[in-house]
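The opening position of the sequence shown corresponds to residue 704 in the numbering used here, with each subsequent residue numbered one higher. Think of the CB as a built atom: it goes at the ideal place given N, C-alpha and C, for glycine as much as any other residue. First comes the structure, then the notes that go with it.
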Amino acid sequence: MANDTVTYSAEYLAQDRRALVNTFYSLPIPLEIISTLYRCYVKASPHSEGHLGYDDYLIVWATITAVAECIAGLVYGPLRSVPFPGFYIFTSNPVSGPPGGLGRHVQTLKPGELSHYLEGDYIFSHFYDFAIASTKLSILALYHRIFVTTKMRVMVRITASLVLVWLIEMEIILGLGCQPIQGWWDPAISATAKCVDKVAFTYSTNILNLIFDLWIFSMPIPIILKLQVNREKRIALCCLFSIGLGICALSIARLSVVFSAGSGDVTWEEVPLGILSALEPCGAILCANLPIIYREVIRSFKRLGSNVRSTKNASSGSKPYGGSAGQEWIRIDASSTKKVADGFPKASVTRGNTADGEKDLTMRRGIKVEQEFKIQSTGSTHHSGKDLV
């Protein structure tokens, strides 16, 4: 070991990524918590559904596990633990160094620090699997509630079953992939332990995860394209429900750095992999929450802008422009639905100001609805549609 140490320059040994790791492990925590709490507030508020659904409970669980993942990464990675009566206080300490050593070269670690980091990485992996799978199941539960065609619901159930199988498989491999289990994190034991190929395991995890993401986020697009609404709304809805495809970029980026799992300088090379593993569940949770909270967020910004304009108008003595929020609603009246020559039912559409339309056009399951109506798609498959705005 001494021979290895003298071959490295002082500049090399002084390299430090801990500030970067601290930042990107900490950033997802408030984003996940705030977006999920806001989702629950929107869904439980009286002007919405007034209660939470299965998709909401799943995203709450996903948020808990994603936050726990980041905390585990911080505790076992770039933070230094200081003994305190009955518990530990975790503080950043770039001088004496953290017990896990993530963000430093492995050659700088003290005895036991590498094992401490690898043990934390093992715990981190469990939380990652549950956070990713729970987010996928939450999105699928949302699809099951708002897309009521038989074909779509069958696809949702099959996909959810495959996600559960994927999660169970990952947990079994993590539990039984090394015999004894300490081989995952103890270098002294891993030399003689019987373990799965960690790089191949990480690659397979990421590839399956990417395939699921591509499939799940593209599932609603065919149904949305058949809705009898104008092109702008179809495009907007496709963008809203497929924005999660951007998470696939994180999955691809994570796949490109999987090689670090087999690196000899694991505490240095795994920094990009660890950061992307923390950001991926965060991005997925934000995308899962967006269809629920986006309208309330827009309305909040509009109210804020309206208040600012009202203040300026009051000071200048001019009259405010528009209604209470300056927004028009599109109503679809199911009672006046009729068939036309192309065989599709058409619903009469009326417009109204926010003042008389906001109360009964409420946010339900991420889609604005007034009443259900029937749409007959090509292929003679009947399914219930809703006014999507």
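Reducing DSSP to helix, strand and coil, say where Lys813 ends up. Here the question's residue 813 lines up with position 110 in the sequence shown. Look at Lys813 here: in three-state DSSP terms it is coil, with no helix or strand label.
Can you tell me where the alpha helix (DSSP H) holding Arg934 begins and where it ends? Locating residue 934 in the sequence shown gives position 231, where the first residue counts as 1. Counted as a single uninterrupted DSSP element, the alpha helix (DSSP H) harbouring Arg934 occupies residues Arg934 to Ser945.
Under the three-state reduction of DSSP, which class applies to Gln885: helix, strand or coil? Against the sequence shown, residue 885 aligns to sequence position 182. Reduced to three states, the DSSP call for Gln885 is helix.
Go to Val763, then tell me how far its alpha helix (DSSP H) extends in each direction, as first and last residue. For the purposes of this step, residue 763 is taken as residue 60 along the sequence shown, with counting starting at 1. Unbroken alpha helix (DSSP H) run through Val763: Tyr757 to Tyr779.
What number of angstroms, rounded off, separates the C-alpha of Ser907 from the C-alpha of Val932? Walking along the sequence shown from the start, residue 907 turns up at place 204. Walking along the sequence shown from the start, residue 932 turns up at place 229. Approximately 41 Å between the Cα atoms of the pair.
Just mark Thr766 as buried or exposed, buried being the case when its beta carbon has 16 or more other beta carbons within 10 Å. Here residue 766 is taken as the residue at index 63 of the sequence shown, counted from 1. Its Cβ being crowded by 16 or more others within 10 Å, Thr766 is buried.
Got a sec? Which residues, its chain only, sit under 7 Å from Ile919 by beta carbon, not counting five neighbours each side? Here residue 919 refers to the residue found at position 216 when the sequence shown is read from its first residue. So the list reads Lys839, Ile842, Leu843 and Thr862, once near-sequence residues are dropped.
Go to Pro749, then tell me how far its alpha helix (DSSP H) extends in each direction, as first and last residue. Taking the sequence shown and counting its residues from 1, one reaches residue 749 at position 46. No alpha helix (DSSP H) contains Pro749, which DSSP labels as neither H nor E.
Considering only their Cβ atoms, is the gap separating Ala769 from Ala834 smaller than 7 Å? As a first step, residue 834 must be located in the sequence shown, where it is residue number 131. As a first step, residue 769 must be located in the sequence shown, where it is residue number 66. Yes, Cβ-Cβ distance for Ala834 and Ala769 is below 7 Å.
Whose C-alpha, out of His754, Val763, Thr811 and Leu734, is nearest the C-alpha of Ala717? Counting from 1 along the sequence shown, the entry for residue 717 is found at position 14. Closest option to Ala717, Cα to Cα, is Thr811.
Below 7 Å between beta carbons: does that hold for Ser818 and Trp888? Here residue 818 refers to the residue found at position 115 of the sequence shown. Here residue 888 refers to the residue found at position 185 of the sequence shown. Contact flag set, yes.
Would Trp869 and Leu911 qualify as a contact pair, given that the criterion is a beta-carbon distance under 7 Å? The residue you call residue 869 lines up with position 166 of the sequence shown. The residue you call residue 911 lines up with position 208 of the sequence shown. Closer than 7 Å, so yes.
Report, in whole angstroms, the separation of the C-beta atoms of Ser727 and Leu928, which I expect to be a contact under 8 Å. Position 24 of the sequence shown, counted from the first residue, corresponds to residue 727. Position 225 of the sequence shown, counted from the first residue, corresponds to residue 928. The sequence as given places Phe at residue 727; Ser does not occur at that position. Not really, about 37 Å apart at Cβ, beyond 8 Å.
From Ser954, Asp759, Glu772 and Pro749, pick the residue whose C-alpha is nearest to that of Ser729; which is it? Looking up residue 729 in the sequence shown gives position 26. Of the listed residues, the one whose Cα sits closest to Ser729 is Glu772.
How big is the Cα-Cα spacing for Tyr760 and Asp824? Taking the first residue of the sequence shown as 1, we reach residue 760 at position 57. Taking the first residue of the sequence shown as 1, we reach residue 824 at position 121. Rounded to the nearest angstrom, the two C-alpha atoms are 27 Å apart.
Does Ile654 pass the burial test, meaning 16 or more other C-beta atoms within 10 Å, or should it be called exposed? Outside the displayed span of the chain (704 to 1092) sits residue 654, for which this structure offers no information.
Give the list of continuous alpha helix (DSSP H) stretches no shorter than 4 residues that lie fully inside the region 849-903. 853-879 and 890-893
What does the alpha-carbon distance come out to for the pair Leu723 and Val974? Start at 1 with the first residue of the sequence shown, and residue 723 comes out as number 20. Start at 1 with the first residue of the sequence shown, and residue 974 comes out as number 271. So the two alpha carbons sit approximately 9 Å from each other.
Count the other C-beta atoms from every protein chain shown that fall within 10 angstroms of the C-beta of Val857, then say buried if there are 16 or more, exposed otherwise. Along the sequence shown, read from residue 1 onward, the residue named residue 857 stands at position 154. Burial call: exposed.
Which of helix, strand or coil DSSP assigns to Ser921: Residue numbering aside, residue 921 sits at position 218 when the sequence shown is read from its first letter. In this structure, Ser921 counts as helix in the three-state DSSP scheme.
Flag this pair as yes or no: are the beta carbons of Gly804 and Glu816 separated by less than 7 Å? Along the sequence shown, read from residue 1 onward, the residue named residue 804 stands at position 101. Along the sequence shown, read from residue 1 onward, the residue named residue 816 stands at position 113. A contact, by the Cβ cut-off of 7 Å.
Under a Cβ-count criterion, where at least 16 other Cβ atoms within 10 Å of its own Cβ denotes burial, should Ile871 be classed as buried or exposed? Numbered from its first residue, the sequence shown carries residue 871 at position 168. When all chains shown are included, Ile871 counts as exposed.
Report buried or exposed for Val847, applying the criterion of at least 16 other Cβ atoms within 10 angstroms of its Cβ. Within the sequence shown, numbered from 1, the residue matching residue 847 stands at position 144. Per the sequence presented here, residue 847 reads as His, with Val not at that position. The residue in question, His847, is buried, as its Cβ has 16 or more Cβ neighbours within 10 Å.
How long is the line joining the alpha carbons of Gln882 and Thr895, rounded to whole angstroms? Position 179 of the sequence shown holds residue 882. Position 192 of the sequence shown holds residue 895. Taking the straight line joining both Cα atoms gives about 9 Å.
Test: Leu734 CB closer than 7 Å to a CB of chain C: The question asks about chain C, but that chain is absent: this structure has only one protein chain.
Using C-beta distances below 8 Å, list every residue in its chain close to Leu953, excluding the 5 sequence neighbours before and after it, in chain order. Residue mapping note: residue 953 aligns to position 250 of the sequence shown, counting from 1. Only Leu979, Leu982, Glu983 and Gly986 meet the Cβ criterion.
Can you give me the start and stop residues for the alpha helix (DSSP H) that Val969 sits inside? Here residue 969 refers to the residue found at position 266 of the sequence shown. Segment Val969 to Glu972, the alpha helix (DSSP H) holding Val969.
Proximity below 7 Å, CB of Val1093 to CB of Gly880: Because the chain is modelled from 704 through 1092, residue 1093 falls outside the range shown and cannot be assessed.
DSSP on Ser837, reduced to helix/strand/coil? Within the sequence shown, residue 837 is the residue found at index 134, counting from 1. Note: Ser837 maps to helix in three-state DSSP.
Since Cys990 and Ile946 are thought to touch, with beta carbons under 8 Å apart, how far apart are those beta carbons, to the nearest angstrom? As a first step, residue 990 is located in the sequence shown; it is residue number 287 there, counting from the start. As a first step, residue 946 is located in the sequence shown; it is residue number 243 there, counting from the start. Taking a contact as a CB-CB distance under 8 Å, the pair Cys990 and Ile946 counts as one, their CB atoms being some 6 Å apart.
Taking Cys743 as the reference, give the member of Ile996, Val809 and Phe1004 with the closest Cα. Counting from one through the sequence shown, the residue named residue 743 turns up at place 40. Checked all of Ile996, Val809 and Phe1004; the closest Cα to Cys743 is Ile996.
Is the beta carbon of Asp916 closer than 7 Å to that of Cys941? Within the sequence shown, residue 941 is the residue found at index 238, counting from 1. Within the sequence shown, residue 916 is the residue found at index 213, counting from 1. Going by beta carbons, Cys941 and Asp916 fall outside the 7 Å limit.
Do you know how far the Cα of Ala836 is from the Cα of Arg721? Counting from 1 along the sequence shown, the entry for residue 721 is found at position 18. Counting from 1 along the sequence shown, the entry for residue 836 is found at position 133. Cα atoms of Arg721 and Ala836: separation of roughly 28 Å, rounded to the nearest angstrom.
Express the C-alpha separation of Arg860 and Leu993 in angstroms, rounding to a whole number. Here residue 993 refers to the residue found at position 290 when the sequence shown is read from its first residue. Here residue 860 refers to the residue found at position 157 when the sequence shown is read from its first residue. Approximately 22 Å, taken between the alpha carbons.
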